[in-house]
Amino acid sequence: MRLVNRWRVSAYIGVSAGLLLGSAANAACPTWAGVPVLQPIIPCDSLGTNQNAFNNLAWQQFITLNWAADPSLPGQPNTGVPASAFGVAGTTSPVVWESYKESFEVFRPNGAPPLPWANKQDIPLAMRPLMKSKTLKATSALGVKGLYQTSKFGDSPVPALKDIAEAGTHGAWLTAQPKMNNYVTLFEKRLNQDEYNYINQNQLYIANKQPAFATTQGLNLPDGSATFSTYGTVGAIEIKAAWIELDDPTLWPMFKTSQAWVSYPITGGGSTTPKQVTVGLVALHIIRKTPNAQQFMWSTFEHVYNAPSKTELSAPPLPWYTYFNLNCDPATDYYKCVQNKMPVVGTDPYNAPVQVVRTTPISNTTANNIAALNTNTWATIKAANPSSVFLNYQLVNVLWPNNNTPIYPGATAPLPDGNAQPPVAQQPVANTVLETYHQDINCLSCHTGATIAGKNATLVSDYSFLFSEAGNPLIQLKKSKLMRVKVPPAH
Numbered sequence: 000m001r002l003v004n005r006w007r008v009s010a011y012i013g014v015s016a017g018l019l020l021g022s023a024a025n026a027a028c029p030t031w032a033g034v035p036v037l038q039p040i041i042p043c044d045s046l047g048t049n050q051n052a053f054n055n056l057a058w059q060q061f062i063t064l065n066w067a068a069d070p071s072l073p074g075q076p077n078t079g080v081p082a083s084a085f086g087v088a089g090t091t092s093p094v095v096w097e098s099y100k101e102s103f104e105v106f107r108p109n110g111a112p113p114l115p116w117a118n119k120q121d122i123p124l125a126m127r128p129l130m131k132s133k134t135l136k137a138t139s140a141l142g143v144k145g146l147y148q149t150s151k152f153g154d155s156p157v158p159a160l161k162d163i164a165e166a167g168t169h170g171a172w173l174t175a176q177p178k179m180n181n182y183v184t185l186f187e188k189r190l191n192q193d194e195y196n197y198i199n200q201n202q203l204y205i206a207n208k209q210p211a212f213a214t215t216q217g218l219n220l221p222d223g224s225a226t227f228s229t230y231g232t233v234g235a236i237e238i239k240a241a242w243i244e245l246d247d248p249t250l251w252p253m254f255k256t257s258q259a260w261v262s263y264p265i266t267g268g269g270s271t272t273p274k275q276v277t278v279g280l281v282a283l284h285i286i287r288k289t290p291n292a293q294q295f296m297w298s299t300f301e302h303v304y305n306a307p308s309k310t311e312l313s314a315p316p317l318p319w320y321t322y323f324n325l326n327c328d329p330a331t332d333y334y335k336c337v338q339n340k341m342p343v344v345g346t347d348p349y350n351a352p353v354q355v356v357r358t359t360p361i362s363n364t365t366a367n368n369i370a371a372l373n374t375n376t377w378a379t380i381k382a383a384n385p386s387s388v389f390l391n392y393q394l395v396n397v398l399w400p401n402n403n404t405p406i407y408p409g410a411t412a413p414l415p416d417g418n419a420q421p422p423v424a425q426q427p428v429a430n431t432v433l434e435t436y437h438q439d440i441n442c443l444s445c446h447t448g449a450t451i452a453g454k455n456a457t458l459v460s461d462y463s464f465l466f467s468e469a470g471n472p473l474i475q476l477k478k479s480k481l482m483r484v485k486v487p488p489a490h
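Going by numbering that gives the first Met the number 0, the first residue of the sequence shown is number 0, and it counts up by one from there.
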């Protein structure tokens, strides 16, 4: 694969969605000075290969991907929305990344083709058996947002649900404090159109097509360079988001909110009947492949009210936290107020809150001054909208490859980590909500082992675990004829 390490710039006109988030038809990149601006533009790459350059790009991506989505162009921002409307409190309209495809819409049962990019989102297959009716009311102009948990972790004819739990925990979940009525945190995974096009055009949604492709061509996700222009000009983006149900309307102005149908696990087995509620965003992973980041850039954001850091425990700066009880009593708390205690499936109750603490404070070093960048970016947002909900979100850290290493055909796990910065021993990159119980590692500690579908697969899938969700078309012999098993239809 040709590695392109250069800054591609052209004039930003701002009249075409293709200029904002890229398209296969227009390879132009918007001009960008290297610091976050309140415009829905996504630069082609970092303006330099250092920590501060990637930190700035991370915030710019966050702004663009949280811009109001164009309801008629999934994956693109609504260019008619002014900066003064960025993060308007109380709105539940989808933002750009919420108009990306969810992983279950791409990797479907029996290796069925992905649903068309422009399709409105349908009810998640995993939620259908829980419903009292065959349909759920749309939560937005883009269709149905469904968030769910389950107390059953195993093989199923519908997409596996165990990946809704926190990664690397054998199914452990995260329960909020009484401030949030002890609700379980709910997750969703999405991918952008560049990655969707790559998977769809190469039929990588079929598991048994992945080995030959990974061996002969190399399963390399697009990075937005000319080499991958067939798929788009942004590069592959994957999103993982965490939500909490918000019963209290007085809290809505503090969160990016959405309407969603939610279902929760029941202790002892089963899940609750889906209900439509308001949910608030508590954490967001944005990973993106660019020419300067063949090992991807891994940026992670959190709501400032999630949890205090260990250095703040003596004098917590906020009056309450979603995942930390300032008045936790060991005599009555299920986990005795033990910090970051990981629950065990089948043993611990779902309504027992976890006392979460950030083990690595937000960096304020000269080489990685995220604290100052957060402050400066909040000032930029506040100048346009003093009550923006995004004033309550902070960049936690960014992981990037200092030794940008392309992946060649036939590569097997583990993949190189590209001398990822910052080093894990110096500054782990972890999110208190998405990696509550593994805050001493970083993203590539796990993702270097990502392989294609198959229990014993060793060929790599370019740091993405999504490819393991691919299935194969099923066939059965009936009256000496091969009959293809039907795939659940798209509604």
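Glycine included, each C-beta is placed from N, C-alpha and C at the ideal position.
The model shown is predicted, which means the values in this text are computed figures rather than measured ones.
- Judged by their CB atoms, A469 and F212 are not nearer to each other than the 8 Å cut-off.
- Distance from the CA atom of L114 to the CA atom of E104, rounded to whole angstroms, is 6 Å.
- Here the segment 292-302 does not lie against the segment 177-186, with fewer than 3 beta-carbon pairs under 8 Å apart.
- Taking a C-beta distance under 8 Å as the contact criterion, K119 and G142 qualify as a contact pair.
- Per the DSSP secondary-structure output, W242 pairs in a beta bridge with L185, L280.
- Taking each of Y99, A259, P273, C327 in turn and checking the Cα distance to R127, the smallest one comes out for P273.
- If you look at A213, you'll find it isn't in any beta strand (DSSP E); it sits in the alpha helix (DSSP H) that goes 209-215.
- Shown here, A452 sits in coil according to DSSP, grouped into three states, outside any helix or strand.
- For R107, no pairing in a beta bridge is given by DSSP.
- Under a 10 Å Cβ-count criterion, Y99 is classified as buried, with 16 or more other Cβ atoms of the shown protein chains found around its own Cβ.
- Comparing C-alpha distances from W251 to each of A383, A68, H302 shows the shortest one belongs to H302.
- With 16 or more neighbouring CB atoms inside 10 Å of its own CB, L465 falls in the buried class.
- Around the beta-carbon of T232, 16 or more other beta-carbon atoms lie within 10 Å, marking it buried.
- Counting the other CB atoms within 10 Å of its CB gives V183 a total of 16 or more, which places it among the buried residues.
- The residue from P405, V423, G47, V428 with its alpha-carbon nearest to that of L394 is V428.
- Looking at the backbone, the Cα of K239 and that of I122 are separated by about 19 Å.
- Here D416 is buried. Its C-beta has 16 or more other C-beta atoms within 10 Å.
- In this structure, I236 places its C-beta atom within 8 Å of the C-beta atom of E194.
- In summary, L37 is buried, with 16 or more beta-carbon neighbours lying within 10 Å of its beta-carbon over all protein chains present.
- Note on G279: 16 or more other CB atoms within 10 angstroms of its CB, so buried under the neighbour-count rule.
- As computed with DSSP, I236 is found in a beta bridge with R287.
- The DSSP-derived three-state label of A140 is coil.
- Using a Cβ-Cβ distance cut-off of 8 Å, the segment 388-404 and the segment 446-458 are not in contact, since fewer than three pairs of beta carbons, one from each stretch, lie closer than that value.
- The alpha-carbon separation between V423 and N430 amounts to approximately 14 Å.
- In this chain, S467 is not harboured by any beta strand (DSSP E), its DSSP state being neither H nor E.
- Per DSSP, reduced to three states, the secondary structure at L372 is helical.
- When rounded, the separation of the alpha-carbon atoms in T78 and G86 is 15 Å.
- Per DSSP, the unbroken beta strand (DSSP E) holding A292 starts and ends at 292-302.
- Using a Cβ distance threshold of 8 Å, Y436 and A241 do not count as a contacting pair.
- One Cα belongs to P108, the other to S262, and the distance between them is close to 21 Å.
- Straight-line spacing of the CA atoms in A366 and I286 works out to 22 Å.
- Assigned with DSSP and collapsed to three states, Q38 falls in coil, not helix or strand.
- A residue is called buried once 16 or more other Cβ atoms fall within 10 Å of its Cβ, and N219 is buried on that count.
- Classified as buried, N191 has 16 or more neighbouring CB atoms from the shown chains inside 10 Å of its CB.
- For E165, the secondary structure class from DSSP, reduced to helix, strand or coil, is coil.
- In the assembly as shown, P316 is an exposed residue. Its beta-carbon has fewer than 16 other beta-carbons within 10 Å.
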